[in-house]
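Note sheet for the following structure.
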Amino acid sequence: MEDHKLRYLQSFLKHNRNCRLEECIEKIRSWEERARRCYDEVIDLDSDEFAEMMLLDGIFVIQLFLLFRNPKWRANGDRIFGNPRMLYDVRRDMTLLENQMPFFAIDGLFKMVFGAHQKHMPGLLELAYGFFRPGTNIEDMPEVVMESEVQHFLDAIRLLYLPSVRKAPCESEEEMEFIPSATELVAAGVKLRKGKSKCLFDIVFKNEVLEIPQLKILYPTESCFRNIIAFEQCYYRNDSYLIDYMCFMDHLVNTPGDAKLLIDKGIIENWLGNDDAATHLINTLCRETFMRSNNAYFYSLRRKLVEHCQKPHNKWKTTFKRDYCSSPWTVLSVIAAMVLLTLTVVQTVCSLLSLK
């Protein structure tokens, strides 16, 4: 990979004559103390080595994003874009929590080189969105993500998933409600429907209808979600949207039958090949993670679903509809039986009255 980084650095400097290597190094040195604080572990490099690492990695990322957006700029025989598998691996490696580098440093290099042309080209965050989007559930880039709040690219992906309106955590200290599975919800009269929202967290339960936005389970989904979950576990314990969402989905999907039900409803788009693989992924993503039960986005939703399923008449009503109203002939049979029963009762009453 170091060879690729050097080639991209040479190509970048060749096509951006206004970018002087010495100025880039000097700029990075001015950020060194702040950049080192962004890493959890001590970076065992001296000042020159650290600046070289930041320059090589930063320019590589910028050049990678630019080439992804502009295929005409790619050199013949580019080893990354000429090999789909390698591009997939590079994208995956860039979402690993341990591989993150400070966003402000890369963005600083980007603005230093392209500052005079910023009005005529996308910003670094938009370029990053375009590069990472193929492996995510994100359709459109939200306008609410500000560069100033982004720590690194994994954080940027997480922010793109978040709802535009973020609710404050619920103050309740009650134990988390374990909601019934998808099959059990249907048995209790809940209708499952694919939601229209593009935000995964916009799950709504109203008038016995549970609307869930579509979750696309792609091959990169597991790696991306696992790293966001690890990131939330470390830094967003009270604001763990993806952890809470995946725990919610974990409760819905207990068996491949539950997964198939959600797939048939269009709530899950499964690219993994079979229902067992989708079930395994959903059931293992949040294993051994700590989850708070008071995220307002899901706390009230859980309560509503549990309360609905605890009412016996909801199950009775569903059973009656399934057993006696599943077809016109069954309905006619029930009506005929009720009419016959009514006539029998009337006849019995009349017979008793005549005996008097």
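Residue numbering for the sequence shown follows the numbering used here, starting at 2 and increasing by one per position.
A virtual CB, placed ideally from N, CA and C, is assigned to each residue, including glycine.
Contact under 9 Å by Cβ, Leu283 with Asp251: The residue labelled residue 283 in the question sits at position 282 within the sequence shown. The residue labelled residue 251 in the question sits at position 250 within the sequence shown. The sequence shown places Ile at residue 283, rather than the Leu named in the question. In contact: Ile283 and Asp251 (Cβ atoms closer than 9 Å).
From Glu24 to Lys15, what does the alpha carbon distance come to, in whole angstroms? For this step, residue 24 is matched to residue 23 along the sequence shown. For this step, residue 15 is matched to residue 14 along the sequence shown. Each residue's Cα considered, the two are about 15 Å apart.
What are the start and end residues of each continuous alpha helix (DSSP H) run of 4 or more residues lying completely inside the stretch 70-122, in chain order? Unbroken alpha helix (DSSP H) runs of no fewer than 4 residues, entirely contained in the stretch 70-122, are found at 85-94, 104-115, following chain order.
Helix, strand or coil: which one does DSSP assign to Gly131? The residue given as residue 131 occupies position 130 in the sequence shown. In the displayed model, Gly131 falls within a helix according to three-state DSSP.
Give the C-beta separation of Ser12 and Ala76 to the nearest angstrom, bearing in mind that I take them to be a contact with Cβ-Cβ under 8 Å. Walking along the sequence shown from the start, residue 12 turns up at place 11. Walking along the sequence shown from the start, residue 76 turns up at place 75. Rounded, the Cβ-Cβ distance is 7 Å, consistent with contact.
Excluding the five sequence neighbours on either side, which residues of its own chain have a C-beta within less than 7 Å of the C-beta of Trp74, listed in chain order? Numbered from its first residue, the sequence shown carries residue 74 at position 73. Non-local C-beta neighbours of Trp74 in its own chain, meaning closer than 7 Å and more than five positions away in sequence, comprise Leu67, Leu68, ordered along the chain.
Can at least three beta-carbon pairs, one atom from the stretch 218-238 and one from the stretch 274-289, be found at a separation below 8 Å? Counting Cβ pairs under 8 Å, three or more are found: they touch.
Just to confirm before moving on: does the CB-CB distance between Tyr242 and Arg159 stay below 9 Å? By one-based count along the sequence shown, residue 242 stands at place 241. By one-based count along the sequence shown, residue 159 stands at place 158. For Tyr242 and Arg159, yes; Cβs fall inside 9 Å.
Can you give the Cα-Cα distance for Leu353 and Leu342, rounded to whole angstroms? The residue given as residue 353 occupies position 352 in the sequence shown. The residue given as residue 342 occupies position 341 in the sequence shown. Cα to Cα, Leu353 sits roughly 17 Å from Leu342.
Please name the residue in Cys20, Arg194, Leu201 whose C-alpha comes closest to that of Asn208. The residue labelled residue 208 in the question sits at position 207 within the sequence shown. Measuring from the Cα of Asn208, the nearest candidate turns out to be Arg194.
Among Val43, Val91, Arg227, Trp32, the one whose alpha carbon lies nearest that of Phe61: Position 60 of the sequence shown, counted from the start, is the residue given in the question as residue 61. Looking only at Val43, Val91, Arg227, Trp32, the smallest Cα-Cα distance to Phe61 is reached by Val91.
Which of the three DSSP states, helix, strand or coil, is assigned to Gly196? Along the sequence shown, read from residue 1 onward, the residue named residue 196 stands at position 195. It is a strand residue.
Going by C-alpha distance, which of Glu185, Val205, His309, Pro103 is nearest Gly258? Within the sequence shown, numbered from 1, the residue matching residue 258 stands at position 257. Ranked by Cα distance from Gly258, the options Glu185, Val205, His309, Pro103 are led by Glu185.
Could you tell me the distance, in whole angstroms, from the CA atom of Gly196 to the CA atom of Leu10? Residue mapping note: residue 196 aligns to position 195 of the sequence shown, counting from 1. Residue mapping note: residue 10 aligns to position 9 of the sequence shown, counting from 1. For Gly196 and Leu10, the gap between their C-alpha atoms comes out near 45 Å.
Limits of the unbroken beta strand (DSSP E) element including Arg205: Looking up residue 205 in the sequence shown gives position 204. Checking the sequence, you will find Val at residue 205 rather than Arg. For Val205, the enclosing beta strand (DSSP E) starts and ends at 205-207.
What would DSSP say about Lys266, mapped onto helix, strand or coil? The sequence position of residue 266 within the sequence shown is 265, counting from 1. Annotated three-state conformation of Lys266 is coil, per DSSP.
On the three-state DSSP scale, how would you describe Leu14? Translated into the one-based positions of the sequence shown, residue 14 becomes position 13. In this structure, Leu14 counts as helix in the three-state DSSP scheme.
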